[in-house]
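One structure is given here, and the rest of the page talks about it.
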Amino acid sequence: MTNVLQISDTHILSKGAMVSGRLDTSDALGRLVTRIGDIRDQLGKLDALLVSGDLSEDGSAESYAQFKSLIAPLNLPTYVIPGNHDARDPMRTAFADALPANGPLNWTRQVGDIRLIGLDTLVEGQGLGTLSSDSLYFLQDALLEAGDAPVLMALHHPPFACGIGFMDSIGLTNKDVLRDAVAAYSGRLRIVCGHIHNMMVSDVAGHIAISAPSPCSTFAYDRRSGAPVGYMTQEDGCLLHCWNAGFQTIRIGPMAGSGPFPF
Ligand SMILES: [Fe+2]
10 MTNVLQISDT HILSKGAMVS GRLDTSDALG RLVTRIGDIR DQLGKLDALL
60 VSGDLSEDGS AESYAQFKSL IAPLNLPTYV IPGNHDARDP MRTAFADALP
110 ANGPLNWTRQ VGDIRLIGLD TLVEGQGLGT LSSDSLYFLQ DALLEAGDAP
160 VLMALHHPPF ACGIGFMDSI GLTNKDVLRD AVAAYSGRLR IVCGHIHNMM
210 VSDVAGHIAI SAPSPCSTFA YDRRSGAPVG YMTQEDGCLL HCWNAGFQTI
260 RIGPMAGSGP FPF
């Protein structure tokens, strides 16, 4: 059994700073890390932490240092991919032991039974994302090399339309390229992503793709054409992906209820 915790879209700034003057994203991530620590015995052994982009709000070195200090209590091998708010070089420097020294921030890792693939869809300075030709070739090679191992593939921008208009307008520009790349793959493949601050499950060329919620905010699932553009102050937790002769994903909510009470 292999268990990979996925946290996404933490939007951390330097210590004490607030996103949009309103969101204390460090406090929110700190609460989630505490929550995970509180239930760690219940979850069983965790093998790795995958962070699917927008670790930082502003791409600053200070924000990555703050992020690392906040997740330190998890004490997990940590693998990161960039989101549209991240900046490649400061992120590369902050995670020098886990990221390539140059080029796109693509990587593969063997974590227990799982082959983890991280893909870089960042177009610096823009909200939208693209799978570059370099990253596409990287993905094709990584899938070939995975052999019989189940694959957990991560990218920041969802390879599906989510129905929230203003987020789809800054989505993955070449979803068709990614779909073609995984369509013929016959192994066990689960695609995970972030960006839309909502947990959604979608079909992508016959594979299941799941987007993670954000610990700090969400976007209303409002599919009206004139839907307001903005974020909601809602802490939504994270995901745990488990491989045990098949993939299973659960959401870890940000707050504990009381109980359990006898029936
Ligand atoms: Fe985000």
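The numbering used here applies: residue 10 is where the sequence shown begins, and numbers increase by one. For each residue, glycine too, the CB sits at the ideal point set by N, CA and C. The structure displayed is predicted, hence computed values, not measured ones.
query: Per-residue DSSP class, three states only, for Thr139; result: coil
query: Cα-Cα separation, Cys171 to Gly215; result: 17 Å
query: Proximity test, Ser223 beta-carbon vs ligand 3 heavy atom, cut-off 7 Å; result: As far as ligands go, the structure on display features ligand 1 and does not contain ligand 3.
query: Own chain partners of Leu181 with C-beta closer than 8 Å, once the 5 adjacent residues on each side are dropped; result: Thr130, Leu137, Gly138, Thr139, Leu140, Leu164, His166, Pro167, Pro168, Leu187
query: contact_flag[the stretch 191 to 207, the stretch 217 to 226] where n(CB pairs < 8 Å) is 3 or more; result: yes
query: Cβ neighbour criterion (16 or more within 10 Å) applied to Glu66; result: buried
query: The beta strand (DSSP E) enclosing Phe256, as first and last residue numbers; result: 256 to 261
query: Residue(s) in a DSSP beta bridge with Gly68; result: For Gly68, which the question treats as bridged, DSSP gives no partner whatsoever.
query: Nearest-angstrom Cβ-Cβ length linking Asp33 and Gly92, presumed shorter than 8 Å; result: About 19 Å; that fails the 8 Å criterion.
query: Reduced DSSP category for Gly215 - H, G, I as helix; E, B as strand; rest coil; result: coil
query: Environment of Glu278 [buried if 16+ CB atoms lie within 10 Å]; result: Lying outside 10 to 272, the shown extent of the chain, residue 278 is not represented and no answer is given.
query: Residue-level contact to chain C via CB, Gly30, 8 Å cutoff; result: Of the protein chains in this structure there is only one, and it is not chain C.
query: As assigned by DSSP and simplified to three states, the class of Ser61; result: strand
query: Three-way DSSP call (helix, strand, coil) for Leu181 in this model; result: strand
query: Three-way DSSP call (helix, strand, coil) for Leu85 in this model; result: coil
query: Check: Gln268 C-beta below 7 Å from any heavy atom of ligand 1; result: Before going on, a small fix: residue 268 reads as Gly here, not Gln. Outside the cutoff, so no.
query: Supposed close pair Ala103, Ala74 - CB separation, criterion 8 Å; result: 7 Å
query: beta-carbon Gly92 near ligand 1 non-hydrogen atom, thresh 7 Å; result: yes
query: Gly68 vs Asp106 beta-carbon contact at 8 Å; result: no
query: Asp18 Cβ short of 7 Å to ligand 1 heavy atom set; result: yes
query: Met241 beta carbon less than 8 Å from that of Ala229; result: yes
query: Where Gln149 sits in the DSSP three-state scheme; result: helix
query: The alpha helix (DSSP H) enclosing Thr227, as first and last residue numbers; result: Thr227 -> no alpha helix (DSSP H), and no H or E assigned at all.
query: Sequence-distant residues of its chain with Cβ nearer than 7 Å to Gly121 (five each side left out); result: Thr11, Asp56
query: His166 CB to nearest heavy atom of ligand 1 below 7 Å; result: no
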